[in-house]
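Following: one structure in structure tokens, then a few remarks.
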Amino acid sequence: MLKTVHAGALRLENVGQTVTLAGWVNKRRDMGGVIFIDLRDRDGKTQVVVDSGRNPTAFSIAEQIRTEYVIQVTGVVSPRPQGQQNPNLPTGDIEVLADQVEILATAKTPPFLIDREEAVDESLRLKYRYLDLRRERLQRNLIVRHKAIKFIRDFLDERGFLEIETPILFKSTPEGARDYLVPSRVHPGKFYALPQSPQQLKQLLMVAGIERYFQIARCFRDEDLRADRQPEFTQLDMEISFVERDDILDLIEALIVGMIQAVSLVPLASTQFPRLSYREATERYGTDRPDIRFGLELQEITDLVANSAFRVFAENAAANKPTKAICIPGCGDYSRKQLTDLEEFARANGAKALAWLAIHPENGEIRGPIAKFFTVDQLIALTERLQANPGDLILISSDEKAIVHNVLSSLRMEMARRLGYAQKKELAFCWVVDFPLFEEGEEEGHLAPSHHMFTAPKREHIPLLDSDPHAVLSEQYDLVCNGFEVAGGSIRIHERELQNKIMQMIGFSVETAKEQFGHMLEAFEYGAPPHGGIAPGIDRIVALMCGEPNIREVMAFPKTAQATDLMADAPSEVVQRQLDDLHIAVKS
RNA sequence: GGGGGCGUGGUGUAGCGGUUAACACGUCGGCCUGUCAAGCCGAAGAUCGCGGGUUCGAUCCCCGUCGCUCCCGCCA
8 MLKTVHAGAL
18 RLENVGQTVT
28 LAGWVNKRRD
38 MGGVIFIDLR
48 DRDGKTQVVV
58 DSGRNPTAFS
68 IAEQIRTEYV
78 IQVTGVVSPR
88 PQGQQNPNLP
98 TGDIEVLADQ
108 VEILATAKTP
118 PFLIDREEAV
128 DESLRLKYRY
138 LDLRRERLQR
148 NLIVRHKAIK
158 FIRDFLDERG
168 FLEIETPILF
178 KSTPEGARDY
188 LVPSRVHPGK
198 FYALPQSPQQ
208 LKQLLMVAGI
218 ERYFQIARCF
228 RDEDLRADRQ
238 PEFTQLDMEI
248 SFVERDDILD
258 LIEALIVGMI
268 QAVSLVPLAS
278 TQFPRLSYRE
288 ATERYGTDRP
298 DIRFGLELQE
308 ITDLVANSAF
318 RVFAENAAAN
328 KPTKAICIPG
338 CGDYSRKQLT
348 DLEEFARANG
358 AKALAWLAIH
368 PENGEIRGPI
378 AKFFTVDQLI
388 ALTERLQANP
398 GDLILISSDE
408 KAIVHNVLSS
418 LRMEMARRLG
428 YAQKKELAFC
438 WVVDFPLFEE
448 GEEEGHLAPS
458 HHMFTAPKRE
468 HIPLLDSDPH
478 AVLSEQYDLV
488 CNGFEVAGGS
498 IRIHERELQN
508 KIMQMIGFSV
518 ETAKEQFGHM
528 LEAFEYGAPP
538 HGGIAPGIDR
548 IVALMCGEPN
558 IREVMAFPKT
568 AQATDLMADA
578 PSEVVQRQLD
588 DLHIAVKS
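Mapping of the first sequence onto our numbering: position 238 corresponds to residue 245, and the numbering continues sequentially without gaps.
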């Protein structure tokens with residue numbers, strides 16, 4: 008090795024030792040007769056002192072050194088002179104007196120400062136990702152990611168899980184996200200698909216008798232990106248045989264709690280994860296992925312406004328359309344402009360209008376365009392239901408349930424951001440269970456699964472499949488943290504007949520089902536154990552544990568929102584010969 | 001596919017219908033033997049993303065376009 012110690016390792020007890028360090032020049036400070044070099048490697052920083060009186064050769068080399076040069080230094084560990092210690096560095100009590108300095112590589116001045124937390128234009132960071140990765144923030148994040156994955160492997164290994172790799176080149180299926188396709192050279196006109204997840208394969212591993220499987224699995228989905236979505240991402244893919252829902256929930260809860268306590272930079276809000284039904288989550292928070300770090304819950308007030316003189320509410324109540332409200336503490340002094348902005352925001356999220364009532368902080372008087380339509384008793388009942396206090400602002404939406412939920416959920420998050428509730432540095436997990444098996448509404452004349460077609464309906468709801476399919480609840484469960492879906496899974500269907508039936512309900516003919524999923528259906532004829540699984544999103548969880556706002560910050564080489572790689576310039580054109588090999592003609 | 005934000009020396013920002021385009025950091029040179037966000041002196045460095053339009057005059061206003069980003073749709 009070109010070094011004997013790492014740059015973060017040396018302490019007072021190493022004084023007197025001769026050591027060799029190698030790494031990057033974080034900073035050079037030239038005092039004339041003595042040059043200080045902060046030598047950085049992955050492990051930390053050490054101050055190297057090059058004294059013209061101690062070694063003139065080393066000194067003349069040190070004079071040529073610039074930021075980000077790669078150097079090797081041999082010297083003696085010394086205590087720093089009294090008063091010269093640097094309490095900001097773990098190695099701040101010592102320094103290395105250089106006897107030998109060698110430049111291993113020179114470096115151009117980097118396009119941005121490595122040693123500064125300063126925000127840099129994202130495209131520049133992505134183009135020079137290898138330099139961005141030198142910076143403390145990303146190094147720290149990659150370390151957290153590594154530790155998280157190691158924790159997962161150890162945890163699951165101790166519990167009898169086998170880590171098994173599944174193919175990256177697999178079969179395209181019509182359901183779900185758009186596939187990334189790989190053309191076959193050997194079979195003209197045919198394509199592999201990169202897996203959106205190893206869903207089918209892990210179920211087949213259960214049929215194979217593996218019983219407890221996991222994989223740190225790369226998944227690919229050709230859909231538009233978001234802060235929490237990249238075209239390729241990593242899931243902890245798991246599947247277990249002979250389990251029931253709560254076995255999986257308990258296992259994952261223990262895994263997540265242990266992992267966060269071991270590696271997270273952001274603390275856990277609670278070691279108990281509340282379990283909400285889908286219905287409860289949507290009624291209370293307006294969404295199936297609630298941020299439960301704060302309240303601001305939706306309150307049903309349809310009954311209180313049904314008989315009011317405000318016609319919109321009364322008519323909606325008669326038409327079975329709900330009226331719901333959220334109470335925002337301390338915003339009762341919002342100006343007309345602020346309220347107009349909020350209404351604008353509500354409209355952008357699907358509202359036709361936004362009603363509001365503001366309670367005066369001192370005299371408790373209720374102001375707002377709709378206030379005059381309510382009797383005093385009605386207003387009292389309303390404020391009691393909402394536990395509203397003087398100085399609060401009440402926001403009200405009345406419409407189709409889905410719209411009301413969407414509007415108030417968006418407002419809830421917006422107000423939480425404004426009030427700082429959504430910036431709280433803690434991780435608040437909850438489970439959402441008892442999802443409907445099918446999504447509301449029908450597309451192209453058939454039902455659509457709300458999770459995927461292998462999710463089992465609740466056993467007691469199977470009779471409803473024919474009579475009232477939308478009333479059927481499933482064995483699906485999601486793990487949610489701070490408003491992000493961080494894991495999703497289900498108990499699967501393991502009976503061929505039921506699987507057949509579900510496939511046909513979601514629009515597969517017998518022939519298509521056989522063509523697309525024949526291997527699954529056939530496998531289920533050879534003794535499939537009851538099984539279920541889950542797939543936590545590693546990128547999202549690590550981003551949350553690092554307090555990062557997007558998953559790019561926890562991936563070594565992420566893509567832009569346009570799904571490009573600015574460093575390597577991918578995707579790129581290929582030569583005609585390659586296209587010919589693949590029997591591909593590109594449309595102009 | 002749609003909507004919002006951003007784009008000014010290498011970096012981060014300021015600015016404004018007419019400026020010598022400002023500041024900080026960085027870079028380069030000089031001085032300095034105890035600095036660690038070193039200090040002091042000096043210097044270089046900007047077709048104001050690109051194209052078009054309005055105007056006597058555009059970095060600034062308008063349109064288009066490109067790039068980055070956030071959101072909606074989409075993501076079984």
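A virtual CB, placed ideally from N, CA and C, is assigned to each residue, including glycine. For clarity, every value in this text was computed on a predicted model and none was experimentally measured.
Residue i and residue j look like a contact to me (Cβ under 8 Å); what is the Cβ gap, rounded to whole Å?
{"i": "Gly490", "j": "Pro297", "result": "7 Å"}
{"i": "Ile500", "j": "Ala455", "result": "That belief does not hold up - the Cβ atoms of Ile500 and Ala455 are roughly 16 Å apart, past 8 Å."}
{"i": "Gln71", "j": "Glu102", "result": "Between Glu102 and Gln71 the Cβ distance is about 21 Å, and since that is not below 8 Å, they are no contact."}
{"i": "Thr64", "j": "Thr116", "result": "Not confirmed; about 26 Å, so no contact."}
{"i": "Trp363", "j": "Leu402", "result": "5 Å"}
{"i": "Lys331", "j": "Leu303", "result": "That belief does not hold up - the Cβ atoms of Lys331 and Leu303 are roughly 12 Å apart, past 8 Å."}
{"i": "Ile259", "j": "Pro543", "result": "7 Å"}
{"i": "Leu140", "j": "Gln146", "result": "7 Å"}
{"i": "Ala570", "j": "Pro238", "result": "5 Å"}
{"i": "Val26", "j": "Leu17", "result": "7 Å"}
{"i": "Asp441", "j": "Ser284", "result": "4 Å"}
{"i": "Arg225", "j": "Thr241", "result": "6 Å"}
Less than 8 Å between the beta carbons of residue i and residue j, yes or no?
{"i": "Arg300", "j": "Ala435", "result": "yes"}
{"i": "Ser497", "j": "Ala530", "result": "no"}
{"i": "Lys634", "j": "Ala200", "result": "Residue 634 is absent from the structure shown; the chain starts at 8 and stops at 595."}
{"i": "Ser34", "j": "Asp45", "result": "In the sequence under discussion, the amino acid at residue 34 is Lys, which differs from the Ser named in the question. Yes, the Cβ-Cβ distance between Lys34 and Asp45 is below 8 Å."}
{"i": "Pro274", "j": "Glu433", "result": "yes"}
{"i": "Ala112", "j": "Val77", "result": "yes"}
{"i": "Leu444", "j": "Leu486", "result": "no"}
{"i": "Cys338", "j": "Leu386", "result": "no"}
{"i": "Ile217", "j": "Ile263", "result": "no"}
{"i": "Gln79", "j": "Ala29", "result": "yes"}
{"i": "Met420", "j": "Ala429", "result": "yes"}
{"i": "Arg252", "j": "Glu482", "result": "yes"}
{"i": "Ile267", "j": "Met552", "result": "yes"}
{"i": "Ile308", "j": "Arg392", "result": "yes"}
{"i": "Gly293", "j": "Leu415", "result": "yes"}
{"i": "Cys437", "j": "Pro281", "result": "yes"}
{"i": "Leu426", "j": "Phe352", "result": "no"}
{"i": "Gly183", "j": "His412", "result": "no"}
{"i": "Leu163", "j": "Thr567", "result": "no"}
{"i": "Ala234", "j": "Asn557", "result": "yes"}
{"i": "Asp406", "j": "Lys359", "result": "yes"}
Might you give, ordered along the chain, the residues of its own chain that have their beta carbon closer than 7 Å to the beta carbon of residue i, omitting 5 neighbours on each side?
{"i": "Asn93", "result": "Gly99"}
{"i": "Leu176", "result": "Val189 and Tyr199"}
{"i": "Ala276", "result": "Arg300, Glu433, Leu434 and Ala435"}
{"i": "Val593", "result": "Leu586"}
Here's a check: name, in chain order, each residue in its chain whose Cβ is nearer than 6 Å to the Cβ of residue i, leaving out the five neighbours to either side.
{"i": "Leu104", "result": "Val56, Gly82, Val83 and Ser85"}
{"i": "Val312", "result": "Phe320 and Thr330"}
{"i": "Phe168", "result": "Arg219 and Phe221"}
{"i": "Met422", "result": "Ile335"}
{"i": "Ser191", "result": "Lys197"}
{"i": "Asn62", "result": "Asp106"}
{"i": "Glu492", "result": "Arg296 and Asp485"}
Taking only heavy atoms of the ligand GDP into account, decide whether any of them is closer than 7 Å to the Cβ of residue i.
{"i": "Arg228", "result": "The ligand GDP is not part of this structure, which contains no ligands at all."}
Might you give, ordered along the chain, the residues of its own chain that have their beta carbon closer than 8 Å to the beta carbon of residue i, omitting 5 neighbours on each side?
{"i": "Lys209", "result": "Thr173, Tyr220, Gln222, Asp244, Met245, Glu246 and Gly540"}
{"i": "Val250", "result": "Ile498, Pro537, His538 and Gly539"}
{"i": "Val22", "result": "Val84, Ser85, Pro86 and Ile101"}
{"i": "Leu211", "result": "His526, Met527 and Ala530"}
{"i": "Glu447", "result": "Ala409 and His477"}
{"i": "Met574", "result": "Leu133, Lys134, Tyr135, Arg136, Tyr137 and Phe564"}
Between which two residues does the alpha helix (DSSP H) carrying residue i extend?
{"i": "Tyr285", "result": "Tyr285 to Tyr292"}
{"i": "Asn33", "result": "No alpha helix (DSSP H) holds Asn33; the beta strand (DSSP E) holding it covers Thr25 to Asp37."}
{"i": "Gln79", "result": "Premise fails: Gln79 lies in the beta strand (DSSP E), Val77 to Pro86, not in any alpha helix (DSSP H)."}
{"i": "Glu504", "result": "Arg503 to Met512"}
{"i": "Thr278", "result": "Where Thr278 is concerned, there is no enclosing alpha helix (DSSP H), given that its DSSP letter is neither H nor E."}
{"i": "Gln146", "result": "Glu143 to Glu165"}
Hey, quick one: how far does the beta strand (DSSP E) through residue i stretch, first residue to last?
{"i": "Pro63", "result": "First-last for Pro63: Pro63 to Gln71, but that is the alpha helix (DSSP H), not the beta strand (DSSP E)."}
{"i": "Gly496", "result": "Phe491 to Ile498"}
{"i": "Glu369", "result": "Glu369 -> no beta strand (DSSP E), and no H or E assigned at all."}
{"i": "Thr53", "result": "Gly51 to Asp58"}
{"i": "His538", "result": "His538 to Pro543"}
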